[in-house]
């Protein structure tokens, strides 16, 4: 945790990546989510021909445009960081990610650039049908542009469909479909896009609630809310289901992450899900301190159900995964470190034999490497406890996400119910809550990424490559400089976004 | 009397006019484009050029050298690494 941070190069590079990814993710989910909602508004306008719906559509389109323009290209910085700070990693995964990401960039760019212009400039200049088609294509293109980066992220957490080539030091793609359609990737994409739609709905609700509280643009606000809350409710329920599916996948392929975000040190059958608890930040995996400080509530069996789809099943804890558990046939980091070291030694011996032209010896070493390569990453750990991610941060982020994720459908239902009853304007408490729902949605969304990325430490590629080996040999000072430069740049962009957005919200929709 | 019929402009001309008129009518868009250009300039002309060189691309000339370097990082970075004895 923060107090134990070793501010060496690796940690500065991680902090820099986290900073850029989190700033980038302020803009992205809003683009992904609100693009669908605008497409629905536009569809209603085309079907009804109502000028009020046209005004409404144009207003939300303008805010979408501001967010898109400020956020565009903020993700490119992460690609810069790969080449500079994470050069070993970048080299090793180039074969898996390079071409698909490039194709995606080109396709998404042309799709968005073409239809984006028609969406904004096309009012009364192209046919209504083509204009509407363009709006839908912007939504499709925006969401498609997220596919490969999410597949790439999923692959790092569950590296399937690849083979490591010891001659080139690269992971080579063996099966495109295994990479693109791994259950982990499918869940990641659906979870990211459905939660983004929820966030888009909250953006509309926040601004519309503010208008209602001030008695401005009342009809537009109420109409906006009904559509946004309906889509938000569907998206929030879908997000809960695919979130549960994600937890199941994590339990299968990253059991340490699951144990960390539930604060589960000792493996249990009929393991309970923490409904409330304050995690003990000082606890280490090897000591006997309690996992929680003070009062805590567990819902019996639910964690087992989430992890294995069975109430009575065994869920391994961090201790089992570090020191092993023979009874449940779990290989711990202690044992895997030995196998990992063998893999590293074989890899080195293979290279030496190849250099010496001794093909027979190279064959033997390659076979030995292949036998242990699934544990390669463990060969770089100094001690088994390094396999445990930061527990308190993972736990807190996960439970913030779960709490808010459970609350969100109720908020949407509240908005829909009072809209149906035609009493929404009188429910000041709900409108007050509504104005901050976008911030709550953003907190939940960012917390989700913290769970995904902090929870998988120390791995950049699960079990195969720890971050300490993925990095470039640079000094911490070099990374520190650019860290603060990014902090300033992104903060300025955020200030620009907020000020332009607030100005446009104050102006409100244009009169036709 | 012969009716004057205006010829429909060529598709490329129409697309050009579509974009030209769209850009001319922008209000908030002008500010946003300025932000985009400043941002891209900072990212590519300053950050990428001065602070984010591609480490392997600048340090080595061939892919074989890059592979050798990464393999060396993979094999020599393990704790307690011992150089194998020749013939072992």
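Protein chains in written order, with the numbering used here: chain A, 37 to 548; chain B, 950 to 1037.
Idealized CB from N, CA, C, for every residue including glycine.
The residues 238, 241, 242 and 447, in chain order, have a CB closer than 7 Å to that of residue 473 of chain A in the same chain once the five nearest residues on each side in sequence are set aside. The Cβ atoms of residue 95 of chain A and residue 545 of chain A sit closer than 8 Å to each other. Contact of residue 61 of chain A with chain B is not assigned, every C-beta pair being separated by 8 Å or more.
Residue nearest to residue 355 of chain A within the set A/338, A/322, A/227 and A/445 is A/322 (criterion: CA-CA distance).
As a beta-bridge residue in DSSP terms, residue 502 of chain A pairs with A/495. Closest in alpha carbon position to residue 493 of chain A, among A/449, A/500, A/424 and A/62, is A/424. Annotation: Cβ neighbours of residue 991 of chain B in chain A (cutoff 8 Å, chain order): 525. When Cβ-Cβ separations below 8 Å define contact, residue 378 of chain A makes no contact with chain B.
Under the three-state reduction of DSSP output, residue 148 of chain A falls in the helix class.
Here residue 200 of chain A is not near residue 129 of chain A, since their CB atoms are 8 Å or more apart.
In the DSSP assignment, residue 314 of chain A falls outside any alpha helix (DSSP H), carrying neither H nor E.
The beta carbon of residue 958 of chain B sits no closer than 8 Å to any beta carbon of chain A. Inside the region 428-482 of chain A, DSSP marks whole alpha helix (DSSP H) runs of 4 or more residues at positions 464-471, from first to last along the chain. Of all alpha-carbon atoms in A/68, A/502, A/150 and A/192, the one lying nearest the alpha-carbon of residue 133 of chain A is that of A/192. With a cutoff of 8 Å on beta-carbon distance, residue 469 of chain A and residue 266 of chain A are scored as not near each other.
When DSSP states are grouped into helix, strand and coil, residue 275 of chain A belongs to the helix group. The beta-bridge partner set that DSSP reports for residue 334 of chain A consists of A/310. The contact set of residue 157 of chain A on chain B, defined by CB atoms closer than 9 Å, consists of 967, 968, 970, 971, 972, 974 and 975 in chain order.
The beta carbon of residue 77 of chain A sits no closer than 8 Å to any beta carbon of chain B. Residue pairing of residue 209 of chain A in beta bridges, as defined by DSSP: A/198. For residue 1014 of chain B, the closest Cβ of chain A is not nearer than 8 Å. Under the three-state reduction of DSSP, residue 542 of chain A is assigned to helix.
With respect to chain B, the C-beta atom of residue 119 of chain A has a partner C-beta closer than 8 Å.
Think of a sphere of 7 Å around the beta carbon of residue 961 of chain B: no beta carbon from chain A falls inside it, the nearest being about 14 Å out. In the three-state scheme derived from DSSP, where H, G and I count as helix and E and B as strand, residue 361 of chain A is classed as strand. Residue 318 of chain A has a beta carbon lying at 8 Å or more from every beta carbon in chain B. Non-local C-beta neighbours of residue 385 of chain A in its own chain, meaning closer than 7 Å and more than five positions away in sequence, comprise 401, ordered along the chain. Taking a Cβ-Cβ cut-off of 9 Å, residue 498 of chain A has no neighbours in chain B, whose nearest Cβ is about 16 Å from it. The alpha-carbon of residue 450 of chain A is positioned some 8 Å away from that of residue 466 of chain A.
The beta carbon of residue 463 of chain A does not come within 8 Å of any beta carbon belonging to chain B, so the residue lies off that interface.
For a Cβ distance threshold of 8 Å, residue set 984 and 988 of chain B lies close to residue 529 of chain A, ordered along the chain.
Excluding sequence positions up to five before and after residue 285 of chain A, its CB lies within less than 8 Å of the CB of 194, 219, 220 and 223, all in the same chain and listed in chain order. In the three-state DSSP reduction, residue 328 of chain A falls in the strand class (E or B).
The beta carbon of residue 102 of chain A is closer than 7 Å to those of 533, 536, 537 and 540 in its chain, skipping five residues each way along the sequence.
A Cβ of chain A is located within less than 8 Å of the beta carbon of residue 1027 of chain B. Among the residues of chain B, those whose CB is under 7 Å from the CB of residue 112 of chain A are 992, following chain order.
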